[in-house]
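Chemist: Those protein sequence lines, which keep their order, are chains V and E. Going by the numbering used here, the letters in the first sequence line up with residues 159 to 445, in that order. Going by the numbering used here, the letters in the second sequence line up with residues 30 to 341, in that order. Glycine included, each C-beta is placed from N, C-alpha and C at the ideal position. If you're wondering where the values come from, they're calculated on a predicted model, not measured in any experiment.
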Amino acid sequence: MISGAAIARGLPTIRRFSSTAGWPFRVGIAGILVIALLAALAPVLLPYDPSALGLAGGLQPPSRAHPFGTDQLGRDILTRVLYAARIDLQIGTIGVIIPLVAGVVIGLFAGYYGRWFDAVVGRVIDVVTAFPFLVLVLAIVAMLGPGLRNFYIAISLVSWVAYARIVRGEALSVRGREYMLAARSLGYSNARIMFRHLLPNVVAQAFVFGMSDFVLDILAGASLGFFGLGVQPPTPEWGVMIAQGRNFIVTAPWVVIFPGLAIVVTSFFVSLIGDGLADTIRRVNPV
Amino acid sequence: MIRYVVGRLFLILPVLFGVSVVVFMLVRLIPGNPAIAILGERATPQLVAQVENQLGLNLPIWRQYVRFLGNAWRGDFGASFYYQESAWRLTLERIPITLTLIAFAALLGLAIAVPFAMVAAIRRESVLDHAIRLVFTGAIGIPSFWLGIILALVLSVRVRLFPIGGAGSGGLDTLWHLALPALTIALHISPSLVRALRSSLIEVMNSDYVTTGLAMGLRPAMLLFSYLLRNGLTPLITVLSVNTGWLIGGTIIIEQVFGIPGVGSLLITSILTRDYTIVQFVTLVLAVLVILVNLMTDLAYAALDPRVSFQG
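(1) Could you tell me the distance, in whole angstroms, from the CA atom of ASN82 (chain E) to the CA atom of ARG227 (chain E)?
(2) Anything in chain E within Cβ reach of PRO391 (chain V), meaning under 7 Å, just list it in chain order.
(3) Mind reading off the beta-carbon distance from ILE264 (chain V) to VAL279 (chain V)? Whole number of angstroms is fine, and I expect it under 8 Å.
(4) Measure the C-alpha to C-alpha separation of VAL192 (chain V) and PRO192 (chain E) and round it to an integer number of angstroms.
(5) Report the option in V:ILE351, V:VAL259 and V:SER429 whose CA atom is closest to the CA atom of ILE169 (chain E).
(6) Taking ILE283 (chain V) as the reference, give the member of E:MET325, E:VAL48 and E:LEU321 with the closest Cα.
(7) Flag this pair as yes or no: are the beta carbons of ALA288 (chain V) and VAL314 (chain E) separated by less than 8 Å?
(8) What's the call for GLU154 (chain E), buried or exposed, on a 16-neighbour Cβ count within 10 Å?
(9) In terms of residues, what are the limits of the alpha helix (DSSP H) holding LEU344 (chain V)?
(10) Is any beta-carbon of chain V found at less than 8 Å from that of GLY288 (chain E)?
(11) Against PRO210 (chain E), what residues of chain V qualify as contacts under a CB-to-CB distance less than 9 Å, listed in chain order?
(12) Among E:ALA78, E:VAL51 and E:VAL50, whose alpha-carbon lies nearest the alpha-carbon of PRO63 (chain E)?
(13) Does the distance from the CB of GLN309 (chain E) to the CB of PHE385 (chain V) come in under 8 Å?
(14) From ALA401 (chain V) to VAL414 (chain V), what distance separates their C-alpha atoms?
(15) Does the distance from the CB of VAL316 (chain V) to the CB of LEU294 (chain V) come in under 8 Å?
(16) Which of helix, strand or coil does DSSP assign to THR393 (chain V)?
(17) Whole beta strand (DSSP E) runs in the segment 190-216 of chain V with 3 or more residues, listed along the chain?
(18) What separation, rounded to the nearest whole angstrom, lies between the Cα atoms of SER370 (chain V) and GLY432 (chain V)?
(19) Roughly how many angstroms separate the alpha carbons of ARG222 (chain V) and VAL398 (chain V), rounded to a whole number?
(20) Are at least three pairs of beta-carbons, each pair with one atom in the segment 207-224 of chain E and one in the segment 129-142 of chain E, less than 8 Å apart?
(21) Any beta carbon of chain V sitting closer than 8 Å to that of TRP379 (chain E)?
(22) Is GLN79 (chain E) close to chain V? Criterion is C-beta to C-beta, closer than 8 Å.
(23) Quick check on the burial criterion: 16 or more other C-beta atoms within 10 angstroms. Buried or exposed for ASN359 (chain V)?
(24) Tell me whether ASN359 (chain V), by its Cβ, gets closer than 7 Å to a heavy atom of the ligand MN.
(25) Unbroken alpha helix (DSSP H) runs of length 4 or more, entirely within the segment 254-318 of chain V: which are they?
(26) Pull up the distance between the alpha-carbon of VAL425 (chain E) and that of LEU292 (chain V), whole angstroms please.
(27) Can you pull out the residues from the segment 144-175 of chain E whose beta carbon lies closer than 7 Å to at least one beta carbon of chain V?
(28) Count the C-beta pairs between the segment 415-423 of chain V and the segment 232-244 of chain V that are closer than 8 Å, then say yes if the count reaches three, no if not.
(29) Just checking my contact of ALA243 (chain V) with ALA380 (chain V) at CB under 8 Å: how many whole Å lie between their CB atoms?
(30) Could you give the distance in angstroms between the alpha-carbon of ASN308 (chain V) and the alpha-carbon of PRO60 (chain E)?
(31) Measure from the C-beta of PRO411 (chain V) to each C-beta in chain E and report whether the shortest distance is under 8 Å.
(32) Less than 8 Å separating the beta-carbons of ASP229 (chain V) and GLU395 (chain V)?
(33) In whole angstroms, give me the CA-to-CA distance for GLY215 (chain V) and THR326 (chain E).
(34) Check the Cβ of GLY386 (chain V) against every Cβ in chain E and list those closer than 8 Å, keeping chain order.
(35) Do SER115 (chain E) and ILE307 (chain E) have their C-beta atoms within less than 8 Å of each other?
(36) Of the residues E:VAL239, E:ALA181, E:VAL44 and E:LEU130, which one's Cα is nearest the Cα of LEU276 (chain E)?
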């Protein structure tokens, strides 16, 4: 038990952290920042409008004017891929933050107070994890109707369980540690013990999972978009772009290839961040 | 052993109860009047009243649930408004092809994952290990539907190695048609299989009998292989069962992409046609499938390793 107090002083900032974390973490952060920057600056960097129909005609192969080619409506694919990054990064971010906050708080309460609340939370976790993630998300969106907002609702209803399970388990395992007993014997309030002493020690694993969850959400969002249940066209989103280009894949494979590569590359960087986080936690706090 | 099995079976009951509540509540998520949503353009006041009556929408919610359970007990899960057929029949006739695809994909997934995981575990922290982990980290984010489309383009359209879609005419022809979809799903799940297997193998490498074996001059690969085989494939069962949800999710998407008439494509079609009863029932069936897989995993552990049933 090296680090209870060390971590309790607060989560390391990204800069301090990245000096201790290995290259995967730094590469991952850099990659995501570049993608976010390109997405934000797309209107400045590129001369095209993402929904402007090309007069030159559709399905042009990659060229100097259109590095990723054009789609069936003559729209510049690079432009659309970058604009879509805004939506897909948002899907990952919102898809992680809401369930992470909800799951961590619920898991913390369950692990700290135990008793009936923990029993109820435990059963709910068992039930929700019985459903395959994508199936339950699809089913909820099916009922609420297609669209991004309903996708977020579905993700929030389903994903918090994973975070709650992680934090609850961690909280249960540190509940009897000396620093927890010390905090209690000093007469601190439950809220103070939970959020100042317990939370910093149990939240790390939730962040690690958050990174793979980010990838999971992007994949789920793109899959829903692909089936016409997520973001609605003409808004550019990677899954929607793949669905729309699918009929032209034999003659113009670039229409499908580039949006897919965008998903792969983005997910790769996010996964690197997650691996880096996990490695660092293992090194700082070996079990 | 028998006590363990009975105890484990009883543990399913609360989960099944919870799953039934979730599935029941699903239809209540429909904004507005579910009866109108279900009927869509066909909605006339008489039909709406009829559907309301059929679903028991006028009753208090707990009585609706009791009714739902009662109907379920009799095998009545409602009927499809789109196919005009009972949800039970519509789904059950599609289950064999889906299960075949899942099993096929799981086997292929292991065939891909085991060699890589073994190499990574034996040459731990070597360049090879890092390369394998990096490649599979990259592969985690490959969308299955995209991979399926690309593989179909390359291997079915360009090279004409595999049929383009459908389920074939039964027997070997069906397996032939399922090969490419199964390969897609296998590649989709292989990153998490490699990851889980690698860490479980590394755990084994640190165990006493491996140390003894190494001291006796046995090769690490032989030791790991004998571990995988001799211990009744427990690590493979674990890795697969943990990834059941991931596997089913991939299967649903891939069925739709390759036009395989299974439960997954039924689910997607039903969502698109707002066939709520079918969506509800397929969701239930897939959750029950996960529960059964977990149950069988636990029972397999108990059968293979007597310590499990003693610990209870």
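Modeler: Once the coordinates are examined:
(1) The sequence position of residue 82 (chain E) within the second sequence is 53, counting from 1. The sequence position of residue 227 (chain E) within the second sequence is 198, counting from 1. Here the alpha carbon of ASN82 (chain E) sits roughly 55 Å from the alpha carbon of ARG227 (chain E).
(2) Position 233 of the first sequence, counted from the start, is the residue given in the question as residue 391 (chain V). Going along chain E, no residue has its Cβ under 7 Å from PRO391 (chain V), so there is no contact; the nearest lies around 15 Å.
(3) One-based indexing of the first sequence puts residue 264 (chain V) at position 106. One-based indexing of the first sequence puts residue 279 (chain V) at position 121. About 6 Å; that satisfies the 8 Å criterion.
(4) Here the question's residue 192 (chain V) lines up with position 34 in the first sequence. Here the question's residue 192 (chain E) lines up with position 163 in the second sequence. Going by the C-alpha atoms only, they are around 40 Å apart.
(5) Position 140 of the second sequence, counted from the first residue, corresponds to residue 169 (chain E). Per the Cα distances, V:SER429.
(6) Walking along the first sequence from the start, residue 283 (chain V) turns up at place 125. It is E:VAL48.
(7) Here the question's residue 288 (chain V) lines up with position 130 in the first sequence. Here the question's residue 314 (chain E) lines up with position 285 in the second sequence. No, they are not a contact pair.
(8) Translated into positions along the second sequence, residue 154 (chain E) becomes position 125. The residue in question, GLU154 (chain E), is exposed, as its Cβ has fewer than 16 Cβ neighbours within 10 Å.
(9) As a position in the first sequence, residue 344 (chain V) is number 186, starting the count at 1. No alpha helix (DSSP H) contains LEU344 (chain V), which DSSP labels as neither H nor E.
(10) In the second sequence, the residue the question calls residue 288 (chain E) occupies position 259. GLY288 (chain E) does not count as touching chain V.
(11) In the second sequence, counting from the first residue as 1, residue 210 (chain E) sits at position 181. The premise fails here: PRO210 (chain E) is roughly 15 Å from chain V at the closest Cβ pair, so nothing lies under 9 Å.
(12) Here residue 63 (chain E) refers to the residue found at position 34 when the second sequence is read from its first residue. Considering only alpha carbons, the answer is E:ALA78.
(13) For this step, residue 309 (chain E) is matched to residue 280 along the second sequence. For this step, residue 385 (chain V) is matched to residue 227 along the first sequence. Contact: no.
(14) Start at 1 with the first residue of the first sequence, and residue 401 (chain V) comes out as number 243. Start at 1 with the first residue of the first sequence, and residue 414 (chain V) comes out as number 256. A straight-line Cα-Cα distance of about 8 Å links ALA401 (chain V) and VAL414 (chain V).
(15) Counting from one through the first sequence, the residue named residue 316 (chain V) turns up at place 158. Counting from one through the first sequence, the residue named residue 294 (chain V) turns up at place 136. Taking 8 Å as the cut-off, the Cβ atoms of VAL316 (chain V) and LEU294 (chain V) count as close.
(16) In the first sequence, the residue the question calls residue 393 (chain V) occupies position 235. Of the three classes helix, strand and coil, the one that applies to THR393 (chain V) here is coil, per DSSP.
(17) Taking only runs of at least 3 residues, no beta strand (DSSP E) segment lies wholly in the segment 190-216 of chain V.
(18) In the first sequence, the residue the question calls residue 370 (chain V) occupies position 212. In the first sequence, the residue the question calls residue 432 (chain V) occupies position 274. For the pair SER370 (chain V) and GLY432 (chain V), the Cα-to-Cα distance works out to about 7 Å.
(19) Residue mapping note: residue 222 (chain V) aligns to position 64 of the first sequence, counting from 1. Residue mapping note: residue 398 (chain V) aligns to position 240 of the first sequence, counting from 1. So the two alpha carbons sit approximately 25 Å from each other.
(20) As far as the Cβ criterion goes, the segment 207-224 of chain E touches the segment 129-142 of chain E, which means the pair count is three or higher.
(21) This structure cannot settle anything about residue 379 (chain E), because the visible part of chain E is limited to 30 through 341.
(22) The count along the second sequence starts at 1 and reaches residue 79 (chain E) at position 50. Chain V places no beta carbon closer than 8 Å to that of GLN79 (chain E), leaving this residue out of the contacts.
(23) If you number the first sequence from 1, residue 359 (chain V) lands on position 201. Classification for ASN359 (chain V): buried.
(24) As for the ligand MN, it is missing from this structure, which has no ligand bound.
(25) Taken in chain order, the unbroken stretches of alpha helix (DSSP H) that lie wholly in the segment 254-318 of chain V and span 4 residues or more are 273-288 and 291-302.
(26) The question about residue 425 (chain E) has no answer here: the residues shown for chain E are numbered 30 through 341.
(27) Those would be THR166, GLY167, ILE169, GLY170, ILE171, PRO172, PHE174 and TRP175, in chain order.
(28) In short, these stretches touch, since the Cβ pair count reaches three.
(29) The sequence position of residue 243 (chain V) within the first sequence is 85, counting from 1. The sequence position of residue 380 (chain V) within the first sequence is 222, counting from 1. Contact flag wrong, Cβ pair sits at about 12 Å.
(30) Working through the first sequence from its first residue, we reach residue 308 (chain V) at position 150. Working through the second sequence from its first residue, we reach residue 60 (chain E) at position 31. One C-alpha to the other measures close to 11 Å.
(31) For the purposes of this step, residue 411 (chain V) is identified with residue 253 of the first sequence, where counting begins at 1. Yes, its Cβ sits closer than 8 Å to a Cβ of chain E.
(32) On the first sequence, residue 229 (chain V) is found 71 positions in, with the first residue counted as 1. On the first sequence, residue 395 (chain V) is found 237 positions in, with the first residue counted as 1. No; because the gap between Cβ atoms is not below 8 Å, this pair is not in contact.
(33) Position 57 of the first sequence, counting from 1, holds the residue named residue 215 (chain V). Position 297 of the second sequence, counting from 1, holds the residue named residue 326 (chain E). Looking at the two C-alpha atoms, the distance is approximately 56 Å.
(34) Reading the first sequence from its first residue, position 228 is the one you call residue 386 (chain V). What GLY386 (chain V) touches in chain E: LEU301.
(35) Counted from its first residue, the second sequence places residue 115 (chain E) at position 86. Counted from its first residue, the second sequence places residue 307 (chain E) at position 278. Not closer than 8 Å, so no.
(36) Your numbering for residue 276 (chain E) matches position 247 in the second sequence. By alpha-carbon distance to LEU276 (chain E), the top candidate from E:VAL239, E:ALA181, E:VAL44 and E:LEU130 is E:LEU130.
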